[in-house]
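*Asks:* In the numbering used here, the protein residues as written are 506 to 779.
1) Whole angstroms are fine: how far does the CA of residue 698 sit from the CA of residue 541?
2) Identify, in the order they occur along the chain, each residue of the same chain with its Cβ nearer than 7 Å to the Cβ of residue 523, setting aside the five sequence neighbours on each side.
3) Check residue 594 in the structure and name its three-state DSSP category.
4) By the 10 Å Cβ neighbour count, where 16 or more other Cβ atoms means buried, how is residue 520 classified, buried or exposed?
5) Enumerated in chain order, which unbroken segments of the alpha helix (DSSP H) with a length of 4 residues or greater are wholly contained in the region 639–698?
6) Nearest-angstrom Cα distance between residue 676 and residue 667?
7) So, at 7 Å on beta carbons, what are the nonlocal neighbours of residue 737 in its own chain, with the 5 sequence-adjacent residues on each side left out?
8) Inspect the beta-carbon positions of residue 663 and residue 682 and report whether they are closer than 8 Å.
9) Confirm, please, whether the CB-CB distance from residue 727 to residue 640 is below 8 Å.
10) Go ahead and pull the three-state DSSP assignment for residue 555.
11) Under three-state DSSP, which class holds residue 727?
12) Does residue 765 come out as helix, strand or coil in the three-state DSSP assignment?
13) Whole angstroms are fine: how far does the CA of residue 684 sit from the CA of residue 660?
14) Measure from the alpha carbon of residue 742 to the alpha carbon of each residue in 665, 533, 751, then state which is nearest.
15) Report the three-state DSSP secondary structure of residue 633 (helix, strand or coil).
16) Report all residues from its chain with a CB closer than 6 Å to the CB of residue 750; omit the five preceding and five following residues, and keep chain order.
17) Report the partner residues of residue 520 according to the DSSP bridge assignment.
18) Between which two residues does the alpha helix (DSSP H) containing residue 531 stretch?
19) So residue 608 is in the beta strand (DSSP E); what residue range does that whole segment cover?
20) Taking C-beta to C-beta, are residue 518 and residue 557 nearer than 8 Å?
21) Which residues in the same chain as residue 701 place their Cβ atom closer than 8 Å to its Cβ, once the five residues preceding and following it in sequence are excluded?
22) Whose C-beta lies closer than 7 Å to the C-beta of residue 703 among residues of the same chain, with five residues either side of it excluded?
23) Would you mind sorting residue 717 into buried or exposed? The rule is 16 or more other CB atoms within 10 Å of its CB.
24) Residue 601 lies in the beta strand (DSSP E); which residues open and close that run?
25) Would you say residue 724 and residue 758 are within 8 Å of each other, going by their C-beta atoms?
26) Considering only the alpha carbon of each residue, which of 630, 560, 605 lies closest to residue 735?
27) Between 555, 633, 592, which lies nearest to residue 527 when the distance is taken from Cα to Cα?
28) Quick check on DSSP: helix, strand or coil for residue 732?
29) Going by beta-carbon coordinates alone, are residue 551 and residue 643 separated by less than 8 Å?
This is how it looks when you write it as structure tokens:
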């Protein structure tokens with residue numbers, strides 16, 4: 506895909522505890538980016554569970570883990586084609602092309618082979634590839650290891666997704682601390698408190714986010730959305746009609762991520778930290 510957007514290569518990363526709704530919110534964000542005119546988007550499913558494609562109704566063309574095994578087998582056979590050239594060819598084959606976005610799936614993080622050499626080639630490939638996209642959206646696992654493997658310079662915005670419980674917020678705080686220990690520049694961090702209204706009132710009397718999750722630049726409250734919950738339960742994709750109840754908050758989150766959130770709303774999001 507060709508990219509005519511001035512925000513070329515900006516990276517938005519999502520992380521959060523399993524069950525927090527991280528992948529669903531990432532899928533909603535991708536749809537909103539496209540509706541906003543930020544396209545094409547490169548979606549990278551870096552969660553070993555690899556459900557982002559399912560959420561988006563996209564069929565992965567293969568995984569990086571498959572590529573690692575294939576590259577190792579071909580290297581044993583020998584030949585005149587260099588590993589770098591093979592890597593470029595195989596990665597191009599792994600891109601699943603959809604309307605408004607392409608998708609790259611990482612697959613399992615462990616295996617009989619070593620990821621080190623493939624990761625080095627992958628960094629080189631993504632450095633080149635990301636210039637063709639208005640935005641790169643990465644759906645991470647609960648940890649941030651894949652960010653350090655994928656990104657060569659910086660993450661524009663990291664979104665930590667947490668359920669409105671002390672445990673959910675504590676988990677987000679630990680992920681934030683882990684991210685801070687990596688040799689990667691993360692320019693801004695936002696906390697997305699997800700599924701508000703799903704639990705009873707007493708459970709949602711949560712501590713101030715700043716107490717549990719320090720170093721946030723903004724906080725967004727995402728209401729529980731019965732439509733999204735139903736789609737996840739039934740295996741239905743997140744399309745342009747999905748998530749009407751949470752749409753307004755997702756719109757604000759997207760504009761915050763790409764730096765176009767109106768000043769009044771920006772102030773409101775930041776006020777949650779004080």
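Don't be surprised by glycine CBs; every beta carbon is placed ideally from N, CA and C.
*Replies:* Walking through what the data contain:
1) Between residue 541 and residue 698, the C-alpha separation is close to 23 Å.
2) Apart from sequence neighbours up to five positions away, the residues of its chain that approach residue 523 with a beta-carbon distance below 7 Å are 647, ordered along the chain.
3) In this structure, DSSP gives residue 594 a helical state, which the three-state scheme calls helix.
4) With 16 or more other Cβ atoms within 10 Å, it is buried.
5) Fully contained in the region 639–698 are the following alpha helix (DSSP H) runs of length 4 or more, in chain order: 650–655, 671–685.
6) C-alpha of residue 676 to C-alpha of residue 667: approximately 8 Å in a straight line.
7) Correct list, in chain order: 529.
8) With a cutoff of 8 Å on beta-carbon distance, residue 663 and residue 682 are scored as not near each other.
9) Between residue 640 and residue 727, the gap from beta carbon to beta carbon reaches 8 Å or more.
10) Residue state, collapsed to three classes: coil.
11) Under the three-state reduction of DSSP, residue 727 is assigned to strand.
12) Three-state DSSP puts residue 765 in coil, outside helix and strand.
13) Their backbone Cα atoms lie some 11 Å apart in a straight line.
14) It is 533.
15) Under the three-state reduction of DSSP output, residue 633 falls in the helix class.
16) Result list for residue 750: 728, 730, in chain order.
17) When beta bridges are read from the DSSP output, residue 520 appears opposite 665.
18) Taken as a continuous stretch (DSSP letters only), the alpha helix (DSSP H) holding residue 531 covers 527–541.
19) Boundaries of the beta strand (DSSP E) around residue 608: 606–610.
20) Not closer than 8 Å, so no.
21) The residues are 669, 709, 726, 727, 728, 729.
22) Excluding the 5 residues flanking it on each side, residue 703 has same chain C-beta neighbours closer than 7 Å at 729, in chain order.
23) Taking every protein chain shown into account, the CB of residue 717 has 16 or more other CB atoms within 10 angstroms, so this residue is buried.
24) Annotation for residue 601: the continuous beta strand (DSSP E) segment containing it runs 601–603.
25) No; because the gap between Cβ atoms is not below 8 Å, this pair is not in contact.
26) The candidate whose alpha carbon is nearest that of residue 735 is 560.
27) Considering only alpha carbons, the answer is 555.
28) Note: residue 732 maps to helix in three-state DSSP.
29) Against a cut-off of 8 Å, the Cβ pair of residue 643 and residue 551 comes out as a contact.
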